[in-house]
Amino acid sequence: MSQSIDPIKIRQEILRLTREYSRITHAARRPGSDFACSPFVSGETIIPYAGRVFTEDEVEAAVSSTLDFWLTLGPEGEAFEHELASFLGVKHTLLVNSGSSANLLALTALTSHKIPEKRRLRAGDEVITCAAGFPTTVAPILQNGLVPVFIDNDPVTGNVRVEQLEMAFQAGKTKAVMMAHTLGNPFDLGAVLSFCRKHDLWLIEDNCDSLGSTYSMPVAKANELGFTENSPGIPSDGIHITRYTG
Numbered sequence: 018m019s020q021s022i023d024p025i026k027i028r029q030e031i032l033r034l035t036r037e038y039s040r041i042t043h044a045a046r047r048p049g050s051d052f053a054c055s056p057f058v059s060g061e062t063i064i065p066y067a068g069r070v071f072t073e074d075e076v077e078a079a080v081s082s083t084l085d086f087w088l089t090l091g092p093e094g095e096a097f098e099h100e101l102a103s104f105l106g107v108k109h110t111l112l113v114n115s116g117s118s119a120n121l122l123a124l125t126a127l128t129s130h131k132i133p134e135k136r137r138l139r140a141g142d143e144v145i146t147c148a149a150g151f152p153t154t155v156a157p158i159l160q161n162g163l164v165p166v167f168i169d170n171d172p173v174t175g176n177v178r179v180e181q182l183e184m185a186f187q188a189g190k191t192k193a194v195m196m197a198h199t200l201g202n203p204f205d206l207g208a209v210l211s212f213c214r215k216h217d218l219w220l221i222e223d224n225c226d227s228l229g230s231t232y233s234m235p236v237a238k239a240n241e242l243g244f245t246e247n248s249p250g251i252p253s254d255g256i257h258i259t260r261y262t263g
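So the sequence shown is numbered by the numbering used here: it starts at 18 and just counts up by one.
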């Protein structure tokens, strides 16, 4: 007589083995592992500028969703949207498949007929961005028929040279600023926000590389720019910000 099959126990065993497999297979990627402590060899040791960071929890969650055949936004995705919104101090977040898509959606939304005509982006409008960055920060500008205007990057921080913003601005043509923080290092947000406020421009902040980074400035300056203590970048009159794409 064959034993009855218990799908709950099978699922539990799959997830148990998943955690064990992940722990063994991906241990070398974690800080503190023998691999991470290996001596540096000039010309041989690879130094990635970034990389995935995950534990058994993420792998188990992915496999668990797959067992339920949730291949798109499901319960895990909805829960993550709420947790991310809480982490960022905002009311809502929307998950998409990639930072590239987030950038495209954020900028394209500003071309919508629902945006007041005076504020709406149209083909031919100029968008200031950095000259050396991710192509997916520039691509949405071109995809919407807008014109990218490039300013230089600082060779030390990799971030935009904010002193060149005014030189790039053209009254009646410049309508937005779109740029990314570089490798976890925030650009001079105070200077960029001041510039956008002065000229009544949209700011789209590509935060793919720097989610969780913090930016500090004097309290008086923060109040002037419409910041709150735990939520930098909240818009006040005259400045419009699409926050944290990526």
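A virtual CB, placed ideally from N, CA and C, is assigned to each residue, including glycine.
The model shown is predicted, which means the values in this text are computed figures rather than measured ones.
Residue closest to residue i, alpha-carbon to alpha-carbon, out of the options
i	options	result
P24	A79, E73 and D85	D85
S227	W87, R137, H43 and H198	H198
G141	G116, S117, L159 and L218	L159
F167	G150, I145 and L32	I145
L163	A149, E143 and N170	E143
H216	M196, G229, A188 and P172	A188
F151	E222, S103 and N114	E222
L32	T153, V155, E93 and A78	A78
Q29	L200, P133, V80 and K135	V80
P172	A156, V58, L200 and P165	L200
S39	V70, R178 and P157	V70
A119	A156, K108, I132 and H130	A156
G229	K131, A67, H130 and L101	L101
8 Å contact criterion, which residue i and residue j should meet: CB distance rounded
i	j	result
E73	R36	4 Å
C213	V194	6 Å
N161	T110	That belief does not hold up - the Cβ atoms of N161 and T110 are roughly 23 Å apart, past 8 Å.
L218	T191	7 Å
L112	L90	6 Å
L122	L138	That belief does not hold up - the Cβ atoms of L122 and L138 are roughly 13 Å apart, past 8 Å.
A148	N170	6 Å
T62	G116	The Cβ separation is near 28 Å, so there is no contact.
E93	W87	7 Å
M196	F204	7 Å
N202	T174	6 Å
Host beta strand (DSSP E) of residue i (start-end)
i	result
L220	W219 to D223
P165	V164 to I168
T146	E143 to C147
K192	T191 to A197
N- and C-terminal bounds of the alpha helix (DSSP H) containing residue i
i	result
A119	G116 to A126
A79	E73 to L84
Q160	P152 to Q160
Q29	P24 to T42
F97	P92 to L105
H14	Outside the shown range of the chain (18 to 263) lies residue 14, about which nothing can therefore be said.
E183	L182 to A185
- Message: Taking contact to mean 3 or more Cβ pairs, one atom from each stretch, closer than 8 Å, check whether the stretch 167 to 187 and the stretch 201 to 215 are in contact.
- Response: Counting C-beta pairs closer than 8 Å gives three or more between the stretch 167 to 187 and the stretch 201 to 215, which meets the contact rule.
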